[in-house]
Amino acid sequence: MNDALLELCQISYRYPDGSVGLDACSIAIQRGSRNVLIGANGSGKTTLFQHTNGLLRPQTGVVRYAGMAVDYSRAGLRALRSQVGMVFQNPDHQLFSASVQEDVSFGPLNLGLDMATVRQRVAAALQAVGMTEHADKAVHNLSFGQKKRVCIAGVLAMQPTLLILDEPMAGLDHAMQQELLAVLDQLHAAGITLLMATHDIDFAYRWAERIHLMAAGRCTASLNATDLGEHAEALAAVGLPLPQVITLHRALVERGILPANPPPRCTASLLTMLAEAKITQETTC
Amino acid sequence: MLIEQSAYTNRWRRVSPAAKGLFTAGAFIAVFAANSPLTAAIIASLVVALTVFGAGIAPSCYLRVATPALFFLALGSLSLAFSLDIGDGTPALKLTSGGLLKLAEVGTRSLGSLAALLFLVLTTPLIDLIALLRRLKVPALLLEIMVLCYRMLFVFSAAVHETLTAQSARLGYATPRLVIRSLGGLAANLTLQVWQRAHALHLAALARNNDGPLRFLEPSFAHSRRDCRIAGLAGAGLIVLAVSWA
C-alpha cells in the first residue's frame, strides 16, 4: 500500500553558483511516520527540505504531496505551505517579530484566519511547546532553546500535517533536547508526520521509524529503523557507523549474556535487558 | 538596554499602552499649554514623580536614561540665552534681551516633554507601542520597518559582539593598526551577514505563507477601558492645572 504523504521523485537542483544541491534524489515520507534524514554537512538535507515546502522548485523531477504533483502557482504554494510546516535550523533566521505571541501569530494570519481563531491557535501552539508563560516576552530575551520552541510553535499554529525540522537538536543542551523530544512525541501522537535532519545516528535509531540516508545530493537509502543493524554497508557508504547500542548488544549476544531479540533501540532498553537477564540468571541458580 | 529592561519590569507593564499613550499626550499638551515656566516645571515634576513612584522605575535608572537628553537640552538652552557679540572686535558671550525668560520657557517645556516621553518609553515595551501605532492606523510599511529594525537590532548586536570577541581572541585589537584592520573586517563580515539574514528571513516568511504585508496579532490588555479612563482623567487634570495655574 502506498500511503506516501510526500514524495520527491528524481529531483535535481543546481544552485546558481554551479554547486549541486540535489542530484536525482528520490524519497518518500509515509503519512503519520517519524522520519530522520541523516547525512554529512553539504549532503543536500537543507536543499531537500526547501523543496518540500516549495521554497525551491526542482529543475528536474517532481514533488508530490498527498499523491498530487505540487502546483507552483500562488494558490498551489499557499496550499502546500499551509500543510508542510518548516522549522529552520537557526531560530534567529526564522523569528522576525519582536514578541513571542506576535511571531507565532504570523503564520495563521497569513492563512487569512480571523483574529479569534488566530488567538486560539497561538495559545494552543504555545501551550504545546510549553511557552505559554513567555507569550508576552520579547524574542531577544529568550534562551536559544526557548527560541527554538517558539519557532516550532509558529509552525504548529498553522496546523501542518507534515512538520519538517532542520537539525532541531543543534545547539541544545541535554535537558532541552529531552524537552524538545517530548514535544515532538506529543505532536506525533496527535497525528503529525515528522521529518527531521540530524547528524546523530544513535538518536536517529532511537527515535525514528524510517531513516533516510543522504550523500552528495542523493537519498542513498531509506531504511526501517528496526532493520538498521542489517545495513552497516549502507551506513558506511555515507560515512556513518552502526549505532553504538547495536554494536554493544551484538557483543553481549556473542558472549551469551543477552538474547538476540528483541534488539534494543537505546541504552536505557539495553540496561533494562541486562537487568532482566541478571534476574533470570539468579533465579535459575 | 536600560529602557528595554525598565519597559519589561516596571509596575505598569500590564497597563494598556493606549492608556499610557493617552496620558503622555495629555502631559505633552499640558506642558505646551502651561502659562508660565513654573507651571511647566511643576507638570514635568509630576510626570517624573509618577514614573518613578507610580511605575516603580529606579531613580538611578531614570537619571542614566535622561542624562544624554538633559545634556543636549542644556547645550540648546544656553545657546538660546547667550549670543556671541563681536561688535568691538573681541568676541564675547552676551546675555540676550529676555534671554533668561526664553531659556526658562523653552527649558521647562522641553523638560516636561522629555519627562512625558520617558514616562511612555520606560513603562511600555516597544512591541506594545508598535501594536498601539498599528491600532492608530500608522502606515503598515513604516510599522514593518520598525518591527524588523527592532528585531534586527538585537540580532546584529549579538553578531557584532560575537565577531568582536572572535577577533579579540586572536589579537585582532592588539595594536592601532590591527584595530583599523579588524574594524574593516567586522564591517565586511556584517555586510555579508545582513545580506544572508535578509535572505533567510525572506525564506522563513515565504515558508509561513507570507505574500507581502507582515501581519501580527495585537496584544490584548485585560483592563484597557478602565486604564484609558484613568489615564484620560489624569491627562486632563494636568491640562487643567497647566491653564489654570496663575
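The listed protein sequences correspond, in order, to chains L and F.
Under our numbering, the residue at position 154 of the first sequence is numbered 154, and the numbers go up by one with no gaps.
Under our numbering, the residue at position 67 of the second sequence is numbered 67, and the numbers go up by one with no gaps.
Even glycine gets a Cβ: it sits at the ideal position worked out from N, Cα and C.
Note on geometry: alpha-carbon atoms of D227 of chain F and L132 of chain F lie some 14 angstroms from one another. In the structure shown, K137 of chain F falls within a coil segment according to DSSP collapsed to helix, strand and coil. For L84 of chain F, the three-state secondary structure derived from DSSP is strand. Taking the CA atoms as reference points, G61 of chain L sits about 11 angstroms from H51 of chain L. The beta-carbon separation of A49 of chain F and L238 of chain F, rounded to 12 angstroms, does not stay under the 8 angstroms limit for a contact. P160 of chain L is classed as buried because its beta carbon has at least 16 other beta carbons within 10 Å across all chains shown.
Contact residues of the segment 91-102 of chain L toward chain F are D92, H93, Q94, F96, S97, A98, S99, Q101, E102 (C-beta to C-beta distance below 7 angstroms). Judged by DSSP in its simplified three-state form, C61 of chain F adopts helix. Counting only the Cα atoms, A19 of chain F lies some 18 angstroms from I57 of chain F. F:A115 is the residue among F:L126, F:A115, F:E162 whose C-alpha sits nearest the C-alpha of L73 of chain F. For A222 of chain F, the three-state secondary structure derived from DSSP is coil. Comparing alpha carbon positions, the residue from F:S157, F:S79, F:C61 closest to T123 of chain F is F:C61.
Chain order gives the chain L residues near I127 of chain F as A98, S99, E102, A138, where near means a beta carbon separation below 7 angstroms.
Under the 8 angstroms criterion on CB atoms, V155 of chain F is classed as interfacial with respect to chain L. Pairing N53 of chain L with A207 of chain F gives a Cβ-Cβ distance under 8 angstroms. For the segment 201-232 of chain F, residues whose beta-carbon sits nearer than 9 angstroms to a beta-carbon of chain L comprise L201, L203, A204, A205, L206, A207, R208, N209, N210, D211, L214, R215, F216, L217, E218, P219, S220. Under the Cβ distance rule, R197 of chain F counts among the residues neighbouring chain L, one pair being separated by less than 8 angstroms. C-alpha of R265 of chain L to C-alpha of F49 of chain L: approximately 27 angstroms in a straight line.
In this structure, E167 of chain L places its C-beta atom within 8 angstroms of the C-beta atom of Q89 of chain L. Counting only runs of at least 3 residues, the segment 48-97 of chain L fully encloses the following beta strand (DSSP E) elements, listed from N- to C-terminal order: 60-65, 84-87. Under the Cβ criterion (8 angstroms, minimum of three pairs), the segment 107-116 of chain L does not count as touching the segment 140-148 of chain F. A distance of 8 angstroms or more separates the beta carbons of H199 of chain L and I27 of chain L.
Inside the segment 110-134 of chain L, DSSP marks whole alpha helix (DSSP H) runs of 4 or more residues at positions 115-128, from first to last along the chain. Residues of chain L with a Cβ closer than 7 angstroms to the Cβ of R134 of chain F do not exist; the shortest Cβ-Cβ separation is about 10 angstroms. Look at K94 of chain F here: in three-state DSSP terms it is strand. Using beta-carbon distances, V129 of chain L does not count as an interface residue toward chain F, since no partner is under 8 angstroms. The shortest C-alpha to C-alpha distance from R13 of chain F to any of F:S224, F:V240, F:L101 is the one to F:S224.
At least one beta carbon of chain F lies nearer than 8 angstroms to the beta carbon of F88 of chain L. Contacts with chain L at 8 angstroms (Cβ-Cβ) include R151 of chain F. H188 of chain L places its beta carbon less than 8 angstroms from that of R34 of chain L.
Within 10 angstroms of the beta-carbon of R177 of chain F lie fewer than 16 other beta-carbons, which makes it exposed.
Nearest neighbour of R210 of chain L by Cα position, chosen from L:N224, L:A204, L:V87, L:R57, turns out to be L:N224. Interface criterion met: the Cβ of L109 of chain L is under 8 angstroms from a Cβ in chain F. DSSP, read as helix, strand or coil, puts I29 of chain L in strand.
Taking the CA atoms as reference points, A153 of chain L sits about 27 angstroms from D3 of chain L. Annotation: Q120 of chain L to S97 of chain L spans about 19 angstroms, alpha carbon to alpha carbon.
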